[in-house]
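Written out below as structure tokens is the structure these notes cover.
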Amino acid sequence: AAQAMNVTVIGTGYVGLGTAGLLAHLGHQVTGIDIAPDKIAQLQRGEVPIHEPGLSDLLAENAERLSWTSDYSSVKEADVIFICVGTPPGPDGAPDLRYVISAASSIAHQLGEQCQVIVNKSTVPIGTGDYVERLLEELAPNFSAAQHLVVSNPEFLREGTALHDSLYPDRIVLGGAAKALETMIQLYAPLLEQNFTPPASTPRPEGYTRPATVKTTLQSAEMIKYAANAFLALKISFANEIAGLCERVGADIEEVTTGIGLDERIGHRFLQAGLGWGGSCFGKDTQGLISAGREHNYAMPILQAAIDINYRQRQVIVEKLLRQLKTLKGKRVSLLGMAFKPNTDDLRDAPAHDLIERLHRLGAHVTAHDPVAMPRAEHEWSHLSYTPARDLDHAFARADAVIIVTEWDDYQHLDWNKLLPTMRRRLIIDARNTIRQPLDHMLQATVKQVGRSAPIFIQSVQTVSIVK
Ligand code: UDX
């Protein structure tokens, strides 16, 4: 087993809480710091301020190794200090570093005399690690370049599977000086060797062995995070761009991505055509790279195209609807799904937001349904014109069209026999290509998907025959 270390985690948002829970589970003594007193009070009472499967259990199971405070003095004793604060995009798309700067300044005044590693886990612009180092040097009375070392250790977790992603990662990326990386390797030893007991909520996946470790410089580690997200965003936009041409030439995107994904150099993942990405990361990180390029007078046309295609896709769906209904004036259009992806109530940059705006502008009466995000939408989307659907019956009743916006499981088991006949017009725009049954045939419904020109019951991924 690893030697227990003293760890301080600054920021109790998404990344901070996951990091604190993970490190406590690996056997370390962790203090979580946040400047928001209400969050700290909540955590001290054993409540978790965010929704992430398994997280509250993980924090409860490891409560003896976790404490919460607004006081930075624990930094003095820490072997490793994690900065896990937010970096929201500023007005020009570049990340706003004010929280990173204020965390680094607070750390500076509490640095100890011993060797300490300061880890940046927030997604920060390339060069921030260097900047934090200079800030500490300037502000810390105790600063010693040999003792106080800055590391970049980006996370790659997805919302909804954050614990799984942090316990069983593909790789651990560490950037910084050799001595600091040694400390990080010790800190993560149980993770790297996978000799911890998996939490009940998040078992080790079958076949998983251990993560790879990438040891590199600060700048490269910072770049790896951005480049990974930008590449995934690019794959999605690529699939969407090809999908548009598939429709025009009579090809089927589901079969095409199945066909190209079998090339191991390409792979199947992140090639699902549909409404494109949303959420807090892909838009922000691709934009962040472009603005970094701009600072150096360096154009990044591939990334710009990925962004343009992503947001064009929202209009593509509106046009599919217009082609069927001719005009949207007075038409009742229902959206299934508001969260940016299934299994979260996160509404940030969700395609549903744009769709509601555009459809309303075209004169439609919009109704929207979501299995979990409706209460949140009531606050965050109060500026939008739509009627929240009480339930699925309400969403379908007298609708001129239903658009499947988010591929929630709930929408994969719809009782079509019951719901379709309640519509004014049996038109379904399946913007995530989730429907796999022959609705057209059985129930005289019109189903339009993305990148598929033929009626869907003729072709589907399940019917593509792959002969090996
Ligand atoms: C992402 C990255 O996956 C993660 O590594 C990074 O740390 C943060 O950003 P997240 O934003 O939680 O995580 O969402 P993810 O599950 O990756 O999905 C992103 C979006 O892409 C969703 O809106 C999803 O609907 C969309 N998507 C994904 C597609 O449209 N097609 C695909 O093939 C895959």
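Counting from 4, one number per residue, gives the positions in the sequence shown under full-length UniProt numbering.
Where a beta carbon is used, it is the ideal one built from N, C-alpha and C, also for glycine.
Beta-carbon proximity of Lys344 to Gly57, cut-off 9 Å: Stepping through the sequence shown from its first residue, residue 344 is reached at position 341. Stepping through the sequence shown from its first residue, residue 57 is reached at position 54. No, Cβ-Cβ distance for Lys344 and Gly57 is not below 9 Å.
Assumed close pair Arg317, Leu358 - CB separation to whole angstroms, cut-off 8 Å: Numbered from 1 along the sequence shown, position 314 holds the residue referred to as residue 317. Numbered from 1 along the sequence shown, position 355 holds the residue referred to as residue 358. The C-beta distance from Arg317 to Leu358 rounds to 6 Å, short enough to fall under 8 Å.
C-beta contact flag for Val103 and Val78 at 9 Å: Locating residue 103 in the sequence shown gives position 100, counting from the first residue. Locating residue 78 in the sequence shown gives position 75, counting from the first residue. The criterion of a C-beta distance shorter than 9 Å is not satisfied by Val103 and Val78.
One or two residues paired with Phe85 in a DSSP bridge: Position 82 of the sequence shown holds residue 85. Paired residues: Val12 and Val122.
Ser70 beta carbon near ligand 1 (any heavy atom closer than 8 Å): Residue 70 sits at position 67 when you count from the first residue of the sequence shown. Distances taken from the Cβ of Ser70 to the heavy atoms of ligand 1 include none shorter than 8 Å.
CB contact flag (Phe273, Ala230, <9 Å): As a working note, residue 273 is residue 270 in the sequence shown. As a working note, residue 230 is residue 227 in the sequence shown. Their beta carbons are not under 9 Å apart, which means Phe273 does not touch Ala230 by this criterion.
Residue interval of the alpha helix (DSSP H) (run including Gly333): Start at 1 with the first residue of the sequence shown, and residue 333 comes out as number 330. For Gly333, there is no enclosing alpha helix (DSSP H), as DSSP gives it neither H nor E.
beta-carbon Gly19 near ligand 1 non-hydrogen atom, thresh 8 Å: Taking the first residue of the sequence shown as 1, we reach residue 19 at position 16. For ligand 1, no non-hydrogen atom lies closer than 8 Å to the CB of Gly19.
Whole-angstrom distance between Tyr314 and Phe234, CA atom to CA atom: Within the sequence shown, residue 234 is the residue found at index 231, counting from 1. Within the sequence shown, residue 314 is the residue found at index 311, counting from 1. C-alpha separation (whole angstroms): 17 Å.
Proximity of Arg393 and Leu350 at Cβ, strictly below 9 Å: Translated into positions along the sequence shown, residue 393 becomes position 390. Translated into positions along the sequence shown, residue 350 becomes position 347. No, they are not a contact pair.
Lys329, buried or exposed, once every other Cβ within 10 Å from all chains shown has been counted against 16: Indexing the sequence shown from 1 puts residue 329 at position 326. If you draw a 10 Å sphere on the C-beta of Lys329, you find fewer than 16 other C-beta atoms in it, and that means exposed.
Residue environment, Pro91, which counts as buried when at least 16 other CB atoms sit within 10 Å: Translated into the one-based positions of the sequence shown, residue 91 becomes position 88. The residue in question, Pro91, is exposed, as its Cβ has fewer than 16 Cβ neighbours within 10 Å.
Leu265 beta carbon near ligand 1 (any heavy atom closer than 8 Å): Here residue 265 refers to the residue found at position 262 when the sequence shown is read from its first residue. False, no ligand heavy atom lies under 8 Å from that Cβ.
Beta-carbon separation (whole angstroms), Ala309 vs Leu237, contact threshold 8 Å: By one-based count along the sequence shown, residue 309 stands at place 306. By one-based count along the sequence shown, residue 237 stands at place 234. Going by Cβ atoms, the distance from Ala309 to Leu237 rounds to 5 Å, so yes, they are a contact pair.
Coil, strand or helix - Gln316 by DSSP: Numbered from its first residue, the sequence shown carries residue 316 at position 313. In the three-state reduction of the DSSP assignment, Gln316 falls in the helix class, which pools H, G and I.
Helix, strand or coil at Trp384 [DSSP, three-state]: Taking the sequence shown and counting its residues from 1, one reaches residue 384 at position 381. Correct three-state label for Trp384: coil.
One or two residues paired with Pro391 in a DSSP bridge: Counted from its first residue, the sequence shown places residue 391 at position 388. As computed with DSSP, Pro391 is found in a beta bridge with Ala371.
Whole-Å CB distance - Glu124 paired with Pro157, under 8 Å assumed: Position 121 of the sequence shown, counted from the start, is the residue given in the question as residue 124. Position 154 of the sequence shown, counted from the start, is the residue given in the question as residue 157. A quick correction: the sequence has Lys, not Glu, at residue 124. About 7 Å separates the two Cβ atoms, so the contact holds.
CB contact flag (Gln6, Gln189, <9 Å): Within the sequence shown, residue 6 is the residue found at index 3, counting from 1. Within the sequence shown, residue 189 is the residue found at index 186, counting from 1. In this structure, Gln189 lies closer than 9 Å to Gln6 by Cβ.
Separation of Ile305 from Ala27, as counted between CA atoms: Position 24 of the sequence shown, counted from the first residue, corresponds to residue 27. Position 302 of the sequence shown, counted from the first residue, corresponds to residue 305. For Ala27 and Ile305, the distance between alpha carbons rounds to 41 Å.
Cβ neighbours of Met426 in the same chain (closer than 6 Å, five flanking residues each side left out): Sequence index remark: in the sequence shown, residue 426 carries index 423 (1-based). Phe399 and Ala402, listed in sequence order.
Given Gly282 as reference, the closest of Ala342, Phe85 and Ile256 once Cα atoms are compared: Indexing the sequence shown from 1 puts residue 282 at position 279. For Gly282, the closest of Ala342, Phe85 and Ile256 by C-alpha to C-alpha distance is Ala342.
Lys228 classed as buried or exposed, judged by whether at least 16 other C-beta atoms fall within 10 angstroms: Translated into the one-based positions of the sequence shown, residue 228 becomes position 225. It counts as buried.
Nearest-angstrom Cβ-Cβ length linking Trp71 and Ile110, presumed shorter than 8 Å: Numbered from 1 along the sequence shown, position 68 holds the residue referred to as residue 71. Numbered from 1 along the sequence shown, position 107 holds the residue referred to as residue 110. Not quite, the Cβ-Cβ distance comes to about 17 Å (not below 8 Å), so this is no contact.
Identity of the residue in Leu331, Ser294, Thr11 and Cys284 nearest Asp352 by Cα: What you label residue 352 is simply residue 349 of the sequence shown in a count that begins at 1. Of the candidates Leu331, Ser294, Thr11 and Cys284, the one whose C-alpha sits nearest the C-alpha of Asp352 is Cys284.
Contact set for Gln465: own chain, Cβ-Cβ below 8 Å, skip 5 residues either direction: Indexing the sequence shown from 1 puts residue 465 at position 462. No answer about Gln465 holds up, because its pLDDT of 42 lies below 50 and its placement is not dependable.
Enclosing beta strand (DSSP E) for Asp433 [first to last residue]: Numbered from 1 along the sequence shown, position 430 holds the residue referred to as residue 433. Per DSSP, the continuous beta strand (DSSP E) segment holding Asp433 begins and ends at Leu430 to Asp433.
Of the listed residues Gly270, Val336 and Gly132, nearest to His151 (C-alpha basis): Taking the sequence shown and counting its residues from 1, the one referred to as residue 151 is at position 148. The residue with the shortest Cα to Cα distance from His151 is Gly132.
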